[in-house]
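Enquirer: First, the structure itself, so that you have it in front of you.
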Amino acid sequence: MTTTIPQQPGPAAAQPPQALLEASGVIMRFGGLTAVRDVSLTVNSGEIVGLIGPNGAGKTTFFNCLTGLYVPTEGTVRYRGAVLPPKPHLVTQAGIARTFQNIRLFANMTVLENVLVGRHTRTKEGLFSAIIRGPGFHKAERASRERAMELLEFTGLAEKAEHLARNLPYGEQRKLEIARALASEPGLLLLDEPTAGMNPQETRATEELVFAIRDQGIAVLVIEHDMRFIFNLCDRVAVLVQGEMLVEGTSEVVQSDERVIAAYLGEPFEGATQAEHEQENDA
Amino acid sequence: MTDLPIAAAEEAATRTDTGRRTAPFVPMPPAAARAATLAGAVITVASTFMSWTYTTDFPGDLTVSGYPGGLQVLTLISALLTGVIALGAFQVRGLSWLNPSRSNNSVLLLALATLGTTWYTVIDITAKLGGLANLDPGAFVAFVGALVLFTGALALPIDRHPEEAPDAEHYELGWAERFPVAVRSYVWLREARLHHSELRVSDARKLNPWLQRLAIVVVYALGLKILTYGLATDYSDIFIGYLIVVAVGFWGLGAGGLLQQFQQLTRRNKRFSATVGVIAAVAYPFAQNNEHWANLGVSVLIVGTVALGLNIVVGLTGLLDLGYVAFLGVGAYTAALISGSQFSIWSGVQFPFWAAALTGMAAACVFGVLIGAPTLRLRGDYLAIVTLGFGEIFRIVVRNLDGVSGPKITNGPNGIAQIPDLSVFGYNLGANHSVGSFTLGRFANYYLLMLVITVIVVLVFTRASDSRIGRSWIAIREDETAATAMGINGFRVKLVAFALGASLAGLAGTVFAHVTNSVVPDPYVFSGPVPPNSAFLLAAVVLGGMGTVSGPILGAALLYVIPEKLDFLSKYELFAFGIALILIMRFRPEGIIPNRRRQLEFHEDEAQAPGNRPMGDDTVPAATAGA
Numbered sequence: 000m001t002t003t004i005p006q007q008p009g010p011a012a013a014q015p016p017q018a019l020l021e022a023s024g025v026i027m028r029f030g031g032l033t034a035v036r037d038v039s040l041t042v043n044s045g046e047i048v049g050l051i052g053p054n055g056a057g058k059t060t061f062f063n064c065l066t067g068l069y070v071p072t073e074g075t076v077r078y079r080g081a082v083l084p085p086k087p088h089l090v091t092q093a094g095i096a097r098t099f100q101n102i103r104l105f106a107n108m109t110v111l112e113n114v115l116v117g118r119h120t121r122t123k124e125g126l127f128s129a130i131i132r133g134p135g136f137h138k139a140e141r142a143s144r145e146r147a148m149e150l151l152e153f154t155g156l157a158e159k160a161e162h163l164a165r166n167l168p169y170g171e172q173r174k175l176e177i178a179r180a181l182a183s184e185p186g187l188l189l190l191d192e193p194t195a196g197m198n199p200q201e202t203r204a205t206e207e208l209v210f211a212i213r214d215q216g217i218a219v220l221v222i223e224h225d226m227r228f229i230f231n232l233c234d235r236v237a238v239l240v241q242g243e244m245l246v247e248g249t250s251e252v253v254q255s256d257e258r259v260i261a262a263y264l265g266e267p268f269e270g271a272t273q274a275e276h277e278q279e280n281d282a
Numbered sequence: 000m001t002d003l004p005i006a007a008a009e010e011a012a013t014r015t016d017t018g019r020r021t022a023p024f025v026p027m028p029p030a031a032a033r034a035a036t037l038a039g040a041v042i043t044v045a046s047t048f049m050s051w052t053y054t055t056d057f058p059g060d061l062t063v064s065g066y067p068g069g070l071q072v073l074t075l076i077s078a079l080l081t082g083v084i085a086l087g088a089f090q091v092r093g094l095s096w097l098n099p100s101r102s103n104n105s106v107l108l109l110a111l112a113t114l115g116t117t118w119y120t121v122i123d124i125t126a127k128l129g130g131l132a133n134l135d136p137g138a139f140v141a142f143v144g145a146l147v148l149f150t151g152a153l154a155l156p157i158d159r160h161p162e163e164a165p166d167a168e169h170y171e172l173g174w175a176e177r178f179p180v181a182v183r184s185y186v187w188l189r190e191a192r193l194h195h196s197e198l199r200v201s202d203a204r205k206l207n208p209w210l211q212r213l214a215i216v217v218v219y220a221l222g223l224k225i226l227t228y229g230l231a232t233d234y235s236d237i238f239i240g241y242l243i244v245v246a247v248g249f250w251g252l253g254a255g256g257l258l259q260q261f262q263q264l265t266r267r268n269k270r271f272s273a274t275v276g277v278i279a280a281v282a283y284p285f286a287q288n289n290e291h292w293a294n295l296g297v298s299v300l301i302v303g304t305v306a307l308g309l310n311i312v313v314g315l316t317g318l319l320d321l322g323y324v325a326f327l328g329v330g331a332y333t334a335a336l337i338s339g340s341q342f343s344i345w346s347g348v349q350f351p352f353w354a355a356a357l358t359g360m361a362a363a364c365v366f367g368v369l370i371g372a373p374t375l376r377l378r379g380d381y382l383a384i385v386t387l388g389f390g391e392i393f394r395i396v397v398r399n400l401d402g403v404s405g406p407k408i409t410n411g412p413n414g415i416a417q418i419p420d421l422s423v424f425g426y427n428l429g430a431n432h433s434v435g436s437f438t439l440g441r442f443a444n445y446y447l448l449m450l451v452i453t454v455i456v457v458l459v460f461t462r463a464s465d466s467r468i469g470r471s472w473i474a475i476r477e478d479e480t481a482a483t484a485m486g487i488n489g490f491r492v493k494l495v496a497f498a499l500g501a502s503l504a505g506l507a508g509t510v511f512a513h514v515t516n517s518v519v520p521d522p523y524v525f526s527g528p529v530p531p532n533s534a535f536l537l538a539a540v541v542l543g544g545m546g547t548v549s550g551p552i553l554g555a556a557l558l559y560v561i562p563e564k565l566d567f568l569s570k571y572e573l574f575a576f577g578i579a580l581i582l583i584m585r586f587r588p589e590g591i592i593p594n595r596r597r598q599l600e601f602h603e604d605e606a607q608a609p610g611n612r613p614m615g616d617d618t619v620p621a622a623t624a625g626a
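In the order they appear, the protein sequences are chains U and C.
The numbers in numbering that gives the first Met the number 0 rise by one with no breaks, and the one at position 167 of the first sequence is 166.
The numbers in numbering that gives the first Met the number 0 rise by one with no breaks, and the one at position 626 of the second sequence is 625.
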């Protein structure tokens, strides 16, 4: 498990790429609705992978399958070679952290406390140690606070450590979600629309932040609608349309793919694939 | 610090540089208003030295000239306090620290307390004795004095809600719109809303540390005095006057910032003020020689401790548990069974107290896990319903384990009687003990034992809540999905909270069994007129303040003592209880002692300019007034 601290750029980027996350043949059905059909995606270490697609394409559902919030109807998700357990907290324990599309901070806790909650899986102190308050407890608590403050420095929120999370402006709430996710010392970070509702400057800052996270050896899988953001950022981009993987490849490949343009702009496309016809028939 | 959005100033209302919107309720020249306030206070104070009635039929002797008696004492104290706080608001040198925010709201509310208790007394005399003829001139002087005082206070510039009330057309009042008077009063009430959330409190750091400690000691001593005074009132008339003065008076002191100033002091001297608090609590049985009071004290400590345990489950973790009293019952029954009582099936077995306490805790903990494991998979309302059911199951099972409907364990409805008194390290809690010139009776002994347990529970609560596990409880309460995504095993963490809450209730239950001498199934219901029931405990938590330490204890004390003192309420107790809860939910949903977080949550509209006020439980909001 990577336990790199922000100040030390991890060596992961220099290593030959190895598959960190392998989702193969993931299918998610809700009753008669198939939200994700047979999606396979690999994220290598030290990579930033983008996941795009029109609204309702199943991106967030796929994310939830990766993080144990949903158990895929079929298919497997492996992290570092091991099949992921079907419980969100065990997935986080294994080393995958996430943010949410609609911000889900602990609104009535302070900024620092939010990050400390993120440290949960990397600390051990239970109830009895909290009540007895031995030297071990104080040491662990101090270490947690130091680490949390480091992360707040890293995301630029250190000044607001004692503010209530609900009182932060929108952009900073997004940053705090990332800091909280990083606190669990993940090997892979899943970002669900990290720049939604941001202005260009904030988007640019988020871009820098994601690069900085990658430089620490943490792989990133990001859902986003902002094309410029995605194509600036990502080493590889996967396109999901109506629950199905349309194309996967480098920015250039994806940008020039006519099916992607069709999916986004809705233009009639003569050479529509078999798959699209099938979807229309299904609907 | 205070930059409220400044809207266009109304003619009548003026805004100060800090953005407050102030306006008097009664038009009067400012100097006249101040003079009226002070004159009213002086007249009211003077009246308490006169005779108010000429017969001694009215409870408390109000016939004596020369010194105040009975209800007159309350009038005297509140009028004096109003006068002094008013001088503080008028920035008289040396007194302004009494009213750190210089707010006239404080004066107005204290004047209201004076008016309330004085008029209540005068009207009560008239009603009880039959007619105005029973009033002596002193009563008329008091009546007029309080009125002058209150009118003067109404004419002072009062801090209003920063938003002006819109015109009548703005409101959609439905059928009430047919009555112009109703609409106008509604608009007037909206406009009349007081506002005192932006308190200026001077920085306690400027004060000499020894003076800080002295202040804490003095306030705690005063608190103990106020408490024992209230308990010593021997008829409901005085107690009602006392309630008016204390409730409205504390509200007024809070409006002036004096309470916040004291809070800041205690926060800076946490350890010291906790010690003084414990000493004051230990001093309580020595402050009187009345077994009834000590009994009251034990009962309050028991329900307060159990409410604090419930606070872990409800306040911190956000799990609505409606069957919590069952765990108190488990502790009490366990203690009764191993107490050596001849009605216990193991009548020969008598555990020493420490072993009995641990057994009671362990038994309650096991029950907590057994009940929690299946139910905690549910969320919200479903959990509440299921816990309600399990609470009732406990009581019914205990009723049926009588040898007829089931195995003979608990003696069914007859319960286990003749539980012997405890003996801790050779100290028999059932006997009287002399300490110096004081005699500690049976209940006083139990009070001191229960105090030790309360201190332990408070320690457990504070330490657990400020730790990894406590943070995960709060995280679960805030957003369970996000909490699990952060690696928190929701089920396990909730089960720990449930089991800890149950154990603490079980611990209190072991003492409860010995204090009451017997255990029967009936008190362990969801709701009933006798205190230890689930609804009572939950009400104590909600009334006092969820997620705080002192809140549930204060809530339990109020809910226990007030019905005890107001004997005429006995028939309507549950009704009054319901009214009180509705009022609290409407006007102060965060409870009497608010957790800062929850206060912000419920009064979001009043929290100005998000982001510019640092809010930790340890940070001091404003520290700018200075002399």
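We put the CB at the ideal spot given by N, CA and C, even for glycine.
Here the structure is a predicted model, which means the values were calculated and not measured.
With DSSP collapsed to three states, give me the class of residue 525 of chain C.
Expert: Residue 525 of chain C falls in the coil class under three-state DSSP.
Enquirer: Using DSSP with H/G/I as helix, E/B as strand and the rest coil, what is residue 250 of chain U?
Expert: DSSP places residue 250 of chain U in helix when its eight states are reduced to three.
Enquirer: Can you tell me whether DSSP reads residue 456 of chain C as helix, strand or coil?
Expert: Residue 456 of chain C: helix per DSSP, three-state reduction.
Enquirer: Between the Cα of residue 481 of chain C and the Cα atoms of U:101, U:156, U:163, U:75, which residue gives the shortest distance?
Expert: Of the candidates U:101, U:156, U:163, U:75, the one whose C-alpha sits nearest the C-alpha of residue 481 of chain C is U:101.
Enquirer: When we look at the beta-carbon of residue 191 of chain U and count the other beta-carbons within 10 Å, is it buried (16 or more) or exposed?
Expert: Residue 191 of chain U comes out buried.
Enquirer: Could you tell me whether the Cβ atoms of residue 335 of chain C and residue 395 of chain C are closer together than 9 angstroms?
Expert: No, they are not a contact pair.
Enquirer: Check whether the Cβ atoms of residue 248 of chain C and residue 80 of chain C sit closer than 9 angstroms, and answer yes or no.
Expert: The answer is yes: Cβ separation under 9 angstroms.
Enquirer: Would you please verify whether the beta carbon of residue 287 of chain U is less than 9 angstroms from any beta carbon of chain C?
Expert: No information on residue 287 of chain U is available, as it lies outside the stretch 0 to 282 that chain U covers here.
Enquirer: Could you tell me which uninterrupted beta strand (DSSP E) segments, each at least 3 residues in length, are contained entirely in the region 372–457 of chain C, listed from first to last along the chain?
Expert: DSSP runs (the beta strand (DSSP E)) wholly in the region 372–457 of chain C: 432–434, 437–439.
Enquirer: Candidates C:75, C:187, C:48: which alpha carbon is nearest residue 62 of chain C's?
Expert: Among C:75, C:187, C:48, the Cα nearest to that of residue 62 of chain C belongs to C:48.
Enquirer: Residue 92 of chain U versus chain C: which residues are under 8 angstroms apart at the beta carbon?
Expert: Residues of chain C passing the Cβ test: 486.
Enquirer: Taking residue 306 of chain C as the reference, which of C:566, C:534, C:424, C:66 has the closest Cα?
Expert: Ranking the options by Cα distance to residue 306 of chain C, first place goes to C:534.
Enquirer: Residue ranges of each beta strand (DSSP E) run of no fewer than 3 residues wholly in the region 10–64 of chain C, ordered along the chain?
Expert: Runs found: 20–22.
Enquirer: Closer than 9 angstroms, CB to CB, is residue 54 of chain C near chain U or not?
Expert: Not one chain U Cβ lies under 9 angstroms of residue 54 of chain C.
Enquirer: Which of the three DSSP states, helix, strand or coil, is assigned to residue 148 of chain U?
Expert: Helix, per DSSP.
Enquirer: Inspect the CB distances between the region 319–335 of chain C and the region 354–363 of chain C and report whether three or more fall short of 8 angstroms.
Expert: Yes: the two stretches touch, three or more of their Cβ pairs being nearer than 8 angstroms.
Enquirer: I want to know whether the region 487–495 of chain C touches the region 156–167 of chain U - three or more CB-CB distances under 8 angstroms.
Expert: Too few Cβ pairs lie closer than 8 angstroms, so no.
Enquirer: Do you know whose CA, among C:96, C:109, C:207, lies nearest residue 75 of chain C's CA?
Expert: Of the candidates C:96, C:109, C:207, the one whose C-alpha sits nearest the C-alpha of residue 75 of chain C is C:109.
Enquirer: Would you report the Cα separation of residue 89 of chain C and residue 101 of chain C, rounded to the nearest angstrom?
Expert: Taking the straight line joining both Cα atoms gives about 7 angstroms.
Enquirer: Just to make sure I have the definition right: I need the residues of chain U whose C-beta is within less than 7 angstroms of the C-beta of residue 466 of chain C. Which are they?
Expert: Simply 124, 129.
Enquirer: With a CB to CB cut of under 6 angstroms and the five nearest residues on each side skipped, what residues in its chain are close to residue 463 of chain C?
Expert: Hits under 6 angstroms: 469.
Enquirer: Closer than 9 angstroms by beta-carbon distance: list the chain U residues that pair up with residue 483 of chain C, in chain order.
Expert: Ordered by position in chain U, the residues that pass the 9 angstroms Cβ test against residue 483 of chain C are 67, 68, 86, 87, 88, 91.
Enquirer: Would the region 548–560 of chain C and the region 502–515 of chain C be scored as touching if the rule is three or more Cβ pairs under 8 angstroms?
Expert: Because the criterion of three Cβ pairs below 8 angstroms is not met, the region 548–560 of chain C and the region 502–515 of chain C do not touch.
Enquirer: With a threshold of 16 other CB atoms inside 10 Å of the CB of residue 175 of chain U, please say whether the residue is buried or exposed.
Expert: Burial call: buried.
Enquirer: Determine, using beta carbons only, whether residue 239 of chain C and residue 503 of chain C come nearer to each other than 9 angstroms.
Expert: No.
Enquirer: Give me, in chain order, the residues of the same chain whose beta-carbon lies closer than 6 angstroms to that of residue 437 of chain C; leave out the 5 immediate sequence neighbours on both sides.
Expert: Result list for residue 437 of chain C: 285, in chain order.
Enquirer: Let me know if residue 603 of chain C comes out buried or exposed under the rule of 16 or more other beta-carbons within 10 Å of its beta-carbon.
Expert: Low local confidence applies: a pLDDT of 48 at residue 603 of chain C is under 50, so the model's placement there is unreliable, and no value is given.
Enquirer: Please report the residue range of the alpha helix (DSSP H) in which residue 584 of chain C lies.
Expert: From DSSP, the alpha helix (DSSP H) with residue 584 of chain C extends over 572–586.
Enquirer: Along chain C, which residues have their Cβ under 8 angstroms away from the Cβ of residue 112 of chain U?
Expert: Under the 8 angstroms cutoff, chain C gives 470, 473.
Enquirer: Can you tell me whether residue 393 of chain C is buried or exposed? The criterion is at least 16 other CB atoms within 10 Å of its CB, across all chains shown.
Expert: Result: buried.
Enquirer: I want to verify the contact list: residues of chain U whose CB lies under 7 angstroms from the CB of residue 480 of chain C, in sequence order.
Expert: Residues of chain U passing the Cβ test: 103.
Enquirer: Pick helix, strand or coil for residue 33 of chain U, following the three-state DSSP scheme.
Expert: Of the three classes helix, strand and coil, the one that applies to residue 33 of chain U here is strand, per DSSP.
Enquirer: Return yes when the Cβ of residue 324 of chain C is within less than 9 angstroms of the Cβ of residue 524 of chain C, no when it is not.
Expert: Result yes, Cβ atoms of residue 524 of chain C and residue 324 of chain C sit closer than 9 angstroms.
Enquirer: Beta carbons nearer than 8 angstroms to chain U: which residues of the region 485–506 of chain C have them?
Expert: Cβ contacts with chain U: 485, 486, 487, 488, 489, 495, 499.
Enquirer: Quick one: Cα of residue 146 of chain U to Cα of residue 57 of chain U, how far?
Expert: Going from the Cα of residue 146 of chain U to the Cα of residue 57 of chain U covers about 35 angstroms.
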